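Counting from 25, one number per residue, gives the positions in the sequence shown under our numbering. Take a look at the structure below.
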Amino acid sequence: MLTLMSSARLSGVDPQPLADAHPLTRHLPAAQIDDLLVLHAGFLVRTAVTAGPTVDRHLLDMMTALGTASLRWLRDRW
Numbered sequence: 025m026l027t028l029m030s031s032a033r034l035s036g037v038d039p040q041p042l043a044d045a046h047p048l049t050r051h052l053p054a055a056q057i058d059d060l061l062v063l064h065a066g067f068l069v070r071t072a073v074t075a076g077p078t079v080d081r082h083l084l085d086m087m088t089a090l091g092t093a094s095l096r097w098l099r100d101r102w
């Protein structure tokens with residue numbers, strides 16, 4: 025659910041109110057949300073950066089954008 029919410033950030037939507045209200049995320053400790061956002065962003069950005077030359081550029085751009093969106097949400101949470 026949190027990874028889906030981080031994609032809302034790409035559209036300019038603040039995902040924090042969604043996380044605060046959703047039944048699957050509203051009771052999670054802040055540290056767990058932060059940990060997941062770090063892992064999600066790291067996975068996406070690392071995969072995009074280390075991809076070979078035959079990987080679709082659009083896919084890499086989207087992975088980079090999603091990873092950046094997760095990092096921005098994390099920054100706003102701190």
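For glycine and all other residues, C-beta sits at the position ideal for the given N, C-alpha and C. If you're wondering where the values come from, they're calculated on a predicted model, not measured in any experiment.
Between LEU90 and LEU34, the CB-CB gap stays under 8 Å.
At the C-beta level, SER94 and ALA65 come within 8 Å of one another.
Taking a 10 Å sphere around the C-beta of ALA43, we find 16 or more other C-beta atoms and assign the residue as buried. One alpha carbon belongs to LEU83, the other to PHE67, and they sit about 14 Å apart. One Cα belongs to LEU61, the other to GLY76, and the distance between them is close to 25 Å. Of the residues assessed, MET87 falls on the buried side of the cut-off, its CB having 16 or more other CB atoms within 10 angstroms.
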